[in-house]
Every structure is written in structure tokens, then in C-alpha cells.
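> To start, I am sharing the structure in question, which I have written as C-alpha cells.
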Amino acid sequence: MYTQALNVKDEGPALVDAERDAAFQARIDRDEKIEPNDWMPEKYRRTLVRQISQHAHSEIVGMLPEGNWITRAPSLKRKAALLAKVQDEGGHGLYLYSAAETLGTSREELNDQLLTGKAKYSSIFNYPTLTWADIGMVGWLVDGAAIMNQIPLCRTSYGPYARAMIRICKEESFHQRQGYEIVMTLARGNADQKAMAQDALNRWWWPALMMFGPPDAESLHTDQNMAWRIKRFSNDDLRQKFVDATVPQGHHIGLEFPDKDLKFNEATGHWEFGAIDWSEFKRVLAGEGPCNRQRLAQRNKAHDEGAWVREAALAHAEKRAARRMMQAAE
Amino acid sequence: MRASKDAIAPCSSERDGSKTLTETPLFLVTLRLADDALILGHRLSEWCGHAPVLEEELALANLGLDLIGQARSLYTHAGAIEGAGRDEDGLAYLRRENEYRNVLLVEQPNGDFAATMVRQLIYSAFMHPFHRAMASSKDATLAGIAAKAEKEMAYHVRHSAEWVIRLGDGTEESHRRAQDALDALWPYAGELFEVDAPMRAAIEAGLVPDPESLRATFDATMTEALAEATLTLPKLGSFQTGGRAGRHTEHMGFLLAQLQYMQRTYPNAAW
Ligand SMILES: [Fe+2]
Ligand SMILES: [Fe+2]
Ligand SMILES: [Fe+2]
């Protein structure tokens, strides 16, 4: 999931208007959608801006590890599909920034928070894509983990966010299937291809599980977010759902998961998995993952190198408007 | 040098020494169009993650996807014409540099955003009327591909012309960059109009339009966009040429090294 930093405490001012707040909560309890011009508690607004923008940033930064393979995709069909997939992610970023803007924070401001490193994005995009199999893994595991969280968000309380999620989820499910199909092709390919797929799974499996955020026992209180229907399932519940869905898919194509403790519990009907190395997760969140610096540097470079283009577009629009005024005056 | 081989039609090209393939005019013109589209599509895809604004990230991917899509149809058609069992990937990935027949324009590096947009304008100002005319090709498959591509290229002209105008007219810096891009890339425009013997044969057989018949439209598109952009065409004694005969610029080998990386590293695998 793309909104891990929600597990950070909100330090802002507390609620002030108990009466309005109760009425607001009642609307949510009745499953009404909150729309941009409706009154909402400041903390609800702040939490949403943080969550939606983190999600948007994840889409944008997520373009980089996959974009890394577009020029080297092994067939024209894969090249076109990957370019289209990465383009979808950019589109997701765009809808999400628009949804965040309805809450009164501009895209420029949000982008600035990303570029300065103030805003977070999903830890998963700080891992490198080293082989073509990684492109399959990102689709199968990363998009797969993302939709576990995002499908429930299609029913989230904030209208523009819920509507953006409906559109995004359709595409993410397609990405997940496409990624699995890449992995399956490799798993059924020659010895080099099988080894490539297995190596990629070994590297991506644990980071994918970390995408769901810290265990519930260590998570900061999410009750408020649950009540507001911004968050709908706990980290551990979503993680278990993902493991249960994904493990049989991997076994079906003959891949081994890099977890010696992984076993099916007949009684519970769930796959039990080994301990996650949370120290690695903390390192990556703290900016010390394999690609944190590289990703941020690349976003900054694109932004800086594009400055003259954005200035030119603005200058031209102003000149044009001025010329039109002149013509109208004549 | 491959150039001498292209001087006669049909001509032959040895791919791996063991078999000799006949390059009919239809095969050759189809392959050239496919190479143009693939190489430019590949260049556009290099922008992914580097565009100046998010909207343009999406637009550049659109342009690239159109061209890669055109290339796929054209390669598949070329493979069928050739009848030697080469599919779209066999043609796109497994030739040597001097067997690629794209114009030099499309392999030029992306440079800055101005260079990418000027390159796109020159290419699409030519290819839009080309496809419009090729939609009535005597070859039904080429006609079908062109009918679809014509609509796509109309958007490429519009999008790139709008940007060239914005950049030319925008700020002092953007004007300078746009003019530099035009000065650097215009020498590659002439090759689009080149007609060698196999191309002449294809024109006479009604397979593809005569580029000369497109010149007025091309000139009008360029003149109109450049006037509004306040840019001027450089004066040239001659144009750069060679791509149609497989003689490329220094940039091509690096592009192919990336494009072919997987196919060359893991031969005979299905992906
Ligand atoms: Fe996405
Ligand atoms: Fe995603
Ligand atoms: Fe996705």
C-alpha cells in the first residue's frame, strides 16, 4: 500500500467543534459521501491530504523503477504494455493530485513536499529493478499489494478520493494480472528465465510484505481513521489477505517463496509466514534504502530541467492573452 | 556499404550468411516505415520519468505508444511479405545496425524538450500527409495501417507544433533553445524526401506516395508553426543522409544496445 506514513501521529490541533463533529461523524456512519464544499474537521482534511498526496507521490515515484526497463523490454508487445502501464501510473498520480486539490492544497505545494523529501511515498519504490523479471514482480506483487488496500478505499468517505480509487483500481487489477503473466512466462521459460524469476521473487517478497506498514501491535492509533472510513482494514489484516491470495499463485507456477516458515494452517485457512525484518523497513523509511537518494534526485532533476519549459508555457500564454486584448481593443 | 545494394531493386541482403533474402520494394518501404516508427517511439519512451510536467509525461507516452503500435503492424506486415519466418520481434530486435533503414532524424538523441518537440514536428509534418496519401495504397495492409496512423499523426503535428510555438514565443531562453534545436535537426529533414530506386519502384506500383507530392503540405505546416514561433530555418547547402541505406549516426549503436539488450543476452527465449 502506498500510504504507509499514515502511521505517523497527527501533531496538529485537536477537534474544536464537538457538535459539528458529531453531525459529521453521523453522516459518515450513514455512509454519506463527504464532498469538497462540505464542512469537515480540520484533522480529517489534513489526514486526507496527507494520505491522498502520499498515494499520488507513490504513483509518480513508482514510474521510475518501471520506467527503467522500457527501453530494454524484451519484445515489442512487452515494451508497449510497459510504457502504457507506466503511463497509467502517471495518470493515477494526476487524478490523485486533483483529488487532493479539492481539499485546498495545490499540486505545486504537494510536489514541493515530495521534492524536498518532506513528504513520504511507498517504501517499495526505493528498491531497484535489476532484471526484466523485476517488472513482472512489480506488477504481480506491488500492484497486487496496492489493490488490497485500494479496493476498500473505493468506499472511503471522501467522495473525490473514492471516485478516483474506483477508476484507479480497475487499472491496478489489470497491472497485477499483466505482471503475473510476465512472471508466469518466465517461470515456464528456459532455465535462465526461471532463475531470473526466482531471483526477483527472492528480492521483492519481503519488501512487498512491508508495504502494508508496521504490525498492528506497533501501529499508532488508527481508530479515528477507521471511524472516518479513511482506513478500512488494519495493516496485519491486509497483509494476511495479500499473503493468502499470492502464495498459491506463486506455487502454481513453480516458484518458491524465500521464507522457510511459510506454511498453510488447515485450521485457520491462512498461510502463516515468518518474521518480517522491521529494521530494514525502518532504514528504508528513514531514507537509507537502496534507491532513496537516486529516486529523489531523479524527480528533482526532471523538475529542475523542466523549469524553463514551464516558464516558457506561462510566458507564451500571457503574451497570447495580451495580444488578444490588443486585437479586441482595435 | 549497403548503399550500392539499394540502388537496384529488388536487391538482396544477407542476414546471417546462410540465407539470402530478397528485399522487394514493398518489403523495403514497409521496413523503413517500421524502423522510423520504432526508433522514434523508442526515443520518446526514454522521456519516461523525466518530462517537464506530469501532463507532458502522459502526452510523450501517448506519442511513443502510437509509434510503437504503428511499428508493430508494419513489422508484422514486412515479415509476412518477406515470408522467411521473421515476426515483429525478429525484425525489430535481431538485425545489425546497418540493416536498420530509418531516417537519421528519428535516431537523434532527445536532447532538451525543445529538441524532442522540433524533431517530432519535422517528422509528423511529413508523416501526417504521407499516411493520408498511403491510406489509398494499392497494398491493402499498408492502406489500413496508414488510415489509422493518419489520425494519430494529426495529433502529433498539433501537439508538437503547439509546443514549438510556446517555446519559440515563450522566454528568451526557450526561444534560444528552440532555435538551437531547429538548427541542429533541420539538416536531417531532407532525408524524408529521398527517393532511391526501390522507393521509386514502390511509388510507381502505387504502394506509397511520392514524397515530392507532400512537399507543399510539409512546407505549409512548418512555415506556419515556425512563423508563429518566431523561429527561422537555417540556411543549408545540403542535407545529411544515409539512414535509408543503413549508414547511421554515432547515436544509433547506443540506442540498439539498449533496445536489443535482452534479445541479445538471452537468444531464442520467448518473453
Ligand atoms: Fe497506480
Ligand atoms: Fe501503483
Ligand atoms: Fe499500477
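Those sequence lines, one after another, are chains A and B. Per the numbering used here, residue 2 is the first one in the first sequence, and the count goes up by one each step. Per the numbering used here, residue 1137 is the first one in the second sequence, and the count goes up by one each step. Backbone N, C-alpha and C fix where the C-beta goes; we use that ideal spot for every residue, glycine too. From a predicted model like this one, the values you see are computed outputs, not experimental measurements.
Which runs of the alpha helix (DSSP H) spanning at least 4 residues fall entirely within the region 256–328 of chain A, listed in chain order?
Listed in chain order, they are 279–284, 293–306.
> Please give the ranges of any alpha helix (DSSP H) in the region 86–148 of chain A, keeping only runs that are unbroken, at least 4 residues long and fully inside the region.
Qualifying alpha helix (DSSP H) stretches, in chain order: 108–116, 133–138.
> Within 6 Å: the Cβ of H93(A) and any heavy atom of ligand 1?
Yes - ligand 1 has a heavy atom lying nearer than 6 Å to the Cβ of H93(A).
> Comparing the C-beta of M212(A) with each C-beta of chain B, is any distance below 7 Å?
No, no contact with chain B.
> So which residues on chain B does W141(A) lean against when the C-beta distance must stay under 8 Å?
Within 8 Å Cβ-Cβ: nothing; W141(A) doesn't reach chain B, min ~16 Å.
> What residue from A1317(B), E1348(B), S1374(B) has the CA that sits closest to D1332(B)'s CA?
Nearest C-alpha to D1332(B): E1348(B).
> Between which two residues does the alpha helix (DSSP H) carrying T72(A) extend?
Neither: T72(A) is in no alpha helix (DSSP H) and is coded neither H nor E.
> E1193(B): beta carbon under 6 Å from a heavy atom of ligand 1?
For ligand 1, not one heavy atom lies less than 6 Å from the Cβ of E1193(B).
> W206(A) and F243(A): beta carbons closer than 7 Å?
Result no, Cβ atoms of W206(A) and F243(A) do not sit closer than 7 Å.
> Please compile the residues from chain A whose C-beta is within a distance smaller than 8 Å of the C-beta of I1204(B).
Correct list: L77, K80, A81, L84.
> May I ask whether a heavy atom of ligand 1 can be found less than 6 Å away from the beta carbon of E67(A)?
Because no heavy atom of ligand 1 lies under 6 Å away, the Cβ of E67(A) does not count as near it: no.
> Would you check if the region 101–111 of chain A and the region 1194–1212 of chain B touch, i.e. whether three or more CB-CB distances between them fall below 8 Å?
No, because fewer than three Cβ pairs between the region 1194–1212 of chain B and the region 101–111 of chain A fall closer than 8 Å, the two stretches do not touch.
> Given a cut-off of 7 Å, decide if Q1376(B) and Y1324(B) are closer than it, judged by their beta-carbon atoms.
Taking 7 Å as the Cβ cut-off, Y1324(B) and Q1376(B) qualify as a contacting pair.
> Just checking my contact of C1184(B) with A1197(B) at CB under 8 Å: how many whole Å lie between their CB atoms?
Rounded, the Cβ-Cβ distance is 7 Å, consistent with contact.
> Helix, strand or coil for E1159(B) per DSSP?
If DSSP states are grouped into helix, strand and coil, E1159(B) belongs with the strands.
> Measuring from the CB of H58(A), is there a heavy atom of ligand 3 at a distance below 6 Å?
For ligand 3, not one heavy atom lies less than 6 Å from the Cβ of H58(A).
> Around the Cβ of M326(A), are there at least 16 other Cβ atoms within 10 angstroms (buried) or fewer (exposed)?
When all chains shown are included, M326(A) counts as exposed.
> What would DSSP say about Y1229(B), mapped onto helix, strand or coil?
Reduced to three states, the DSSP call for Y1229(B) is helix.
> Compute the minimum distance between the beta carbon of D144(A) and the heavy atoms of ligand 3, and state whether it is under 6 Å.
Flag set: Cβ of D144(A) near ligand 3.
> List the whole-angstrom C-beta distance separating H1408(B) from S1272(B), where the pair is believed to meet the contact cut-off of C-beta under 8 Å.
Only positions 1137 to 1407 of chain B appear in the structure, and residue 1408(B) is not among them; the question remains open.
> DSSP on Y181(A), reduced to helix/strand/coil?
If DSSP states are grouped into helix, strand and coil, Y181(A) belongs with the helices.
> Would you kindly work out how many angstroms separate the C-alpha atoms of M1358(B) and A1269(B), rounded to a whole number?
Each residue's alpha carbon lies about 19 Å from the other.
> Within 7 Å (strictly less), CB to CB, does N191(A) reach chain B?
So, interface residue.
> Leaving out the 5 sequence neighbours to the left and right, which residues in its chain are closer than 6 Å to P37(A) when beta-carbon positions are compared?
Correct list, in chain order: T103.
> Is Y159(A) helix, strand or coil when you go by DSSP?
Strand, per DSSP.
> What residue does the alpha helix (DSSP H) around H1292(B) start on, and which one ends it?
Segment 1276–1305, the alpha helix (DSSP H) holding H1292(B).
> For the candidate residues F1262(B), A1276(B), Q1396(B), whose alpha-carbon lies nearest to that of A1413(B)?
Given that chain B is displayed from residue 1137 to residue 1407, the structure contains no residue 1413(B) and the question cannot be resolved.
> Please list, in chain order, the chain B residues whose beta carbon lies closer than 9 Å to that of S303(A).
One detail in the question is off: residue 303(A) reads as Ala in this sequence, not Ser. By Cβ distance, chain B contributes G1185, H1186, A1187, P1188, E1193.
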